[in-house]
Amino acid sequence: MGEQKSETEGYVGQSVRTIEGRAPVMGKATYTNDINFPGQLHAHILRSPHAAANIQSIDTSGAEKVAGVVRVVTGAQAAEHIDPIPHYIDPAVFGGRSASIRCLALDHVWCFGQPVAVVVAEDKRTARYAASRIVVDYEVTTPVIDSEDALKDDAPMVVPGWDANMIMQVPFGGGDVAQAFSSADRVIKTDVKVHRFSTQPIETRTYNGVYDAGTDSVTLYGTVQNPHPLRNVLSKILRMPENKIRVHAPVIGGAFGMKMHGHPEEGLVCFLSKLIGQPVKWVEDREECLLIGAREQVHSVELAVTKDGTILGLKDHYLANTGAPSSCPGWGMAFLTGLTMPGPYAVTNLDVQLSAVVTNKPGWNASRGYGKEVTALALELSVDNAARELGIDPVDMRMRNFIKKDQFPYDSPTGLIYDSGDYAGVMQKALDAIGYDEWKVKQEKAREEGRYLGIGVGFELTPEGGTLPGTFVAGYDSSTVRVAPDGSVRVLTGVTTPGSGNPTGIAQIVADELGVRLNTIEVVQGDTTTCPYGFGNSSGRSTIVGGGSAAKAAIEVREKIIKVAAALMEVDEESVSMKDGIIASGDKTIDLEEVCYACYTRAYDVGSVIEPPLEATAMFKPGLVRHTPNEKGQINPYPSYSNAAYVAISEVDVNTGEVKLLKFSVAHDCGNVINPILVEGQACGAIMFGIGAAMAENITFDENGRQLTKNFMDYVMPRIGDVPSIDLSHHDSPNPVNYKGLKGAGEAGVGGSAAAIVNSVNNALTPFGVMMTETPLTAPRVWSAIQAAKKAQPQRKVA
Amino acid sequence: MEDMLEDTVLVNLRINGKLHELEIPAHKSLLDLLRDDLNMTGTHMGCMTGHCGACTVSIDGRVAKSCITLAATLGRAKITTIEGLTQDDGELSPVQQAFWDEAGFQCAFCAPGMLMCTTELLDANPDPSDAEIETALAGNLCRCTGYQSLRRAVKAAAKLKQNTREAAE
Ligand code: FES
Ligand code: FES
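In structure tokens, the structure reads:
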């Protein structure tokens, strides 16, 4: 490990240490909340305690009387200075209903936790206390909490002025569904209910707005995944040109989608700083962080199957409870769930329909998997249910229906173009790694002893690197490579890192393409003033487009260095090689630094063969994307289709309902791997999300729409003892159109692994006839399901 | 005018070997004292309710969550934070080194707690079993790694410490 690598190979493909170096383990990495400025003020937001209400009046005088309070601002006051928050993905672009979202509510609140007023004070404790002294007179109205209730005729409107509680309804599909269903041996229906859960990075969101009166400009330091697009959003909110705004993302403590923009607090701190003339910081507390939702969907999957398990057709009209409107890109997840149907299966007769419903729960933001994890849950639970009904092995059922590896590129019925894959091969690898057949034997044995082991599989297709026309969800990105006169390298890139290690991956690529040592490279990200324009971190794109563009720039710079080196050594350019910072031609060598120095200082003699400086900016735009709609009006927003198979072994304590995971394996196709240890980290992290999703993490509300989940005692995330050892193998079919065949490694795994776990629990409880298709499988729920099954089938003899 | 002023307590404590004499308001957590007053930002805030462990420090040789520890109660305490793990010669401690080598973190927001707990574990138990590692880190959430590389890092740290010890003998 470390910088050392074998002599003959490059850095790509090696498990080198992260280039962030010693700072993170020394406590020296600088996160947003670590930054304070002279005159630093602190904001605290007063939030609505009601899910739906009209604001009659707000009395801020109590807050203003607290010593140390600098300013109190209500929604009406803010609206005089700032405009609504532009949507990350505006539903209107796709023909949906679009709401105007303000940083602070004006005269109406549509969810629990919605910002109503803000207090700025000298310290955070004073700000918090003073906020409690604001008196708001609410006229509480009836909220809509459930997505099915929201569609009833007499449902109150979540958004005043809308004629339905619906962002949009979208059909996906094609083929002859009626024919498929009428010719099927059986139609097997599975209701899959996926609950509300979110990403919850350990670092909460934090923003610090710093206005400079001298230049009339503002800098936002923040936990921001997409600095450049946010700058545009801020310019609209603040009514300032983009060149007066700088967005700077320091080190980020995990994001997983939650730190994509559209949040009210981003614009708010900038506005407050400008209003007051001092820096204003806001730090989200965990309770606030838990307001952000995602993924809550109700599916009703019907599979038309033959006796031997061939799927002829699939129907699924599903509801997504996206909560109240938000400018964050979360609601788009619901769209992707349908677009990714029928996942890895060669089903051409498809009738899927999304209803993206609004309710009076707080809104969503993007969450790892971006809707594709729900596709995986819906499909994989349905396939297992069908396999059980048909009396066939769930693995056989999958193998029978997978798209075959010679069918790529594959046109899906929803318009996607899958680049490459070998799904059966991936599945087989995961099974072999864990010893599927041996576990079946162990399961038999255990049952004789009264122990209930379960074996479950799940598959997930995760399109990555997504791009939507007319939005800042862009497919391409750019990087600059600069080599200084001393030969050291700086890479500036438009992609950002949430702490996933992509700067190291990018540096490995540049080291190889340029021919220098890894420890001479620095990567700079996350700053709109220094970095080339870019779209930041989303959709598993960072290494694909950040690495691809940096590689192109490195190749350009390398050519310049080689030219000057040849001139200095008085040899033929073709004879010059450069690797690990050593430049050679035959038995002549020359120091990299000497060449770089000459490039800068001898522009009129040996250096005249190039144009200084040693710098290039390049763009990488992956292929395969199709934004011009085909004859059915479908687009393909993805260049890349990562996929993975998961196998979970669990044991259920039938007396308590407790589930213990014993073993896990995953086989992963993310194209070529730049850094195995970092990719392993991504895969294991996503599986842990899947474990939390399947078993415990849950955001709940009372019947009035007040959120009950407030801290990590309520929102139970996996701890070290909950995660079994994970056996990871790669089964790579490189992407034919991406740099180095990359596919993206960050997103996949949440749904596939959650599905494997749910399936394993159902498998364990087969003797009871239990089939649970509503997540999460908490111990009380599993216990209740066992009791209910026992009652329903008293005649069944249970071992 | 309401005012949040409150009584303070004069406290003497040693943080990473350095003596501090501080007037501390009664309500203040050790976490806020470190981060806001002493600008030691290596210790992190993830919840303020004692559940995540990002704020873990060592107080008189035992790990503790600084967000739920009142600083004013710490008279004469000896405190070590992540900033105090680096050896006097500037070298990383074996635990720090192993976490870097084995990718024992991604975003590293949990790292202060993980490093403090691992350091305490290995000081008491040079060769911990899987179960002992799980117990030592049970109070610390990591949202990035899935814990697999963390386990590996702890084991690598144990080995590295062992080697350093043997080399010294
Ligand atoms: S901040 Fe102390 S435990 Fe989370
Ligand atoms: S590395 Fe991000 S929380 Fe542990």
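Sequences listed follow chains A and B, in order.
If you're matching positions, the first sequence starts at 1 in my numbering and goes up one per residue.
If you're matching positions, the second sequence starts at 1001 in my numbering and goes up one per residue.
From the three backbone atoms N, C-alpha and C, an ideal C-beta is built for every residue, glycine too.
Beta-bridge partners of residue i, as assigned by DSSP
{"i": "N636 (chain A)", "result": "A:R626"}
{"i": "I417 (chain A)", "result": "A:D411"}
{"i": "F1109 (chain B)", "result": "F1109 (chain B) pairs with nothing; no bridge assigned."}
{"i": "D1032 (chain B)", "result": "Per DSSP, none; premise fails for D1032 (chain B)."}
{"i": "Y345 (chain A)", "result": "A:F402"}
{"i": "V118 (chain A)", "result": "A:I45 and A:V73"}
{"i": "A304 (chain A)", "result": "A:V187 and A:G313"}
{"i": "R482 (chain A)", "result": "A:R490 and A:E615"}
{"i": "V1063 (chain B)", "result": "B:S1058"}
{"i": "L319 (chain A)", "result": "A:V298 and A:S355"}
{"i": "E522 (chain A)", "result": "A:R490"}
{"i": "I35 (chain A)", "result": "Note: I35 (chain A) sits in no beta bridge, so no partner."}
Residue i versus residue j: straight-line alpha-carbon distance, rounded
{"i": "I635 (chain A)", "j": "S608 (chain A)", "result": "48 Å"}
{"i": "R183 (chain A)", "j": "D176 (chain A)", "result": "The amino acid at residue 183 (chain A) is misidentified as Arg; the sequence shows Ser. Those two C-alpha atoms are separated by around 11 Å."}
{"i": "R541 (chain A)", "j": "F620 (chain A)", "result": "11 Å"}
{"i": "T30 (chain A)", "j": "A378 (chain A)", "result": "41 Å"}
{"i": "M399 (chain A)", "j": "A424 (chain A)", "result": "6 Å"}
{"i": "I582 (chain A)", "j": "L514 (chain A)", "result": "11 Å"}
{"i": "D1089 (chain B)", "j": "L1160 (chain B)", "result": "17 Å"}
{"i": "E296 (chain A)", "j": "R196 (chain A)", "result": "4 Å"}
{"i": "S6 (chain A)", "j": "A748 (chain A)", "result": "For S6 (chain A), the predicted model reports a pLDDT of 48, less than 50, meaning its position is unreliable; a value from the coordinates is still stated below. Whole-angstrom Cα-Cα distance: 30 Å."}
{"i": "C670 (chain A)", "j": "D587 (chain A)", "result": "41 Å"}
{"i": "E1083 (chain B)", "j": "E139 (chain A)", "result": "51 Å"}
{"i": "H44 (chain A)", "j": "V120 (chain A)", "result": "7 Å"}
{"i": "L1019 (chain B)", "j": "T1080 (chain B)", "result": "12 Å"}
{"i": "G534 (chain A)", "j": "P362 (chain A)", "result": "29 Å"}
{"i": "P1112 (chain B)", "j": "V251 (chain A)", "result": "15 Å"}
Under 7 Å from the C-beta of residue i: neighbouring residues of chain B
{"i": "S500 (chain A)", "result": "Q1106"}
{"i": "K65 (chain A)", "result": "M1001 and E1002"}
{"i": "G363 (chain A)", "result": "Within chain B, no residue comes near G363 (chain A); the closest Cβ sits about 21 Å away, beyond 7 Å."}
CB contact check: residue i to chain B, cutoff 7 Å
{"i": "A584 (chain A)", "result": "no"}
{"i": "N537 (chain A)", "result": "no"}
{"i": "F877 (chain A)", "result": "The first residue shown for chain A is 1 and the last is 799, placing residue 877 (chain A) beyond what the model contains."}
{"i": "G13 (chain A)", "result": "no"}
{"i": "C289 (chain A)", "result": "no"}
{"i": "M695 (chain A)", "result": "no"}
{"i": "I687 (chain A)", "result": "yes"}
Interface residues of chain A facing residue i [CB-CB closer than 9 Å]
{"i": "P1112 (chain B)", "result": "G27"}
{"i": "E1134 (chain B)", "result": "R719, I720 and G721"}
Any chain A beta carbon closer than 7 Å to residue i
{"i": "A1077 (chain B)", "result": "no"}
{"i": "Q1087 (chain B)", "result": "no"}
{"i": "C1055 (chain B)", "result": "no"}
{"i": "T1008 (chain B)", "result": "no"}
{"i": "R1143 (chain B)", "result": "yes"}
{"i": "G1090 (chain B)", "result": "no"}
{"i": "L1038 (chain B)", "result": "no"}
{"i": "T1069 (chain B)", "result": "no"}
{"i": "T1164 (chain B)", "result": "no"}
Contacts of residue i in chain A (Cβ-Cβ under 7 Å)
{"i": "C1052 (chain B)", "result": "I202 and F712"}
{"i": "D1123 (chain B)", "result": "Per Cβ cutoff of 7 Å: no residues; D1123 (chain B) is ~17 Å from chain A at best."}
{"i": "L1160 (chain B)", "result": "Under the 7 Å cutoff, chain A gives no residues; its nearest Cβ is about 12 Å from L1160 (chain B)."}
{"i": "G1017 (chain B)", "result": "The premise fails here: G1017 (chain B) is roughly 15 Å from chain A at the closest Cβ pair, so nothing lies under 7 Å."}
{"i": "L1137 (chain B)", "result": "I720"}
{"i": "L1115 (chain B)", "result": "V25"}
Per-residue contacts from residue i into chain A (C-beta, under 8 Å)
{"i": "T1081 (chain B)", "result": "G27"}
{"i": "L1031 (chain B)", "result": "Ordered by position in chain A, no residue passes the 8 Å Cβ test against L1031 (chain B), which lies about 11 Å from the chain."}
Chain-ordered chain B contacts of residue i [CB-CB under 9 Å]
{"i": "I677 (chain A)", "result": "E1102, A1103 and S1149"}
{"i": "R286 (chain A)", "result": "G1046, C1047, M1048, T1049, H1051 and C1052"}
Heavy atom of ligand 4 within 6 Å of residue i beta-carbon
{"i": "A788 (chain A)", "result": "What this structure holds is ligand 1 and ligand 2, not ligand 4."}
Chain B residues whose Cβ lies nearer than 8 Å to that of residue i
{"i": "I252 (chain A)", "result": "C1107"}
| Residues within the stretch 15-39 of chain A neighbouring chain D, beta-carbon criterion of under 9 Å | Judged by its chain identifiers, the structure shown contains no chain D, and its protein chains are A and B.
| request: For ligand 2, list every residue whose C-beta falls under 5 Å from any of its heavy atoms, going in chain order. | output: A:I202, A:G254, B:F1105, B:Q1106, B:C1107, B:F1109, B:C1110, B:C1142, B:R1143 and B:C1144
| task | Under 6 Å from any heavy atom of ligand 1, by CB: list those residues in chain order, please. | result | B:M1045, B:G1046, B:C1047, B:M1048, B:G1050, B:H1051, B:C1052, B:G1053, B:A1054, B:C1055, B:K1065 and B:C1067
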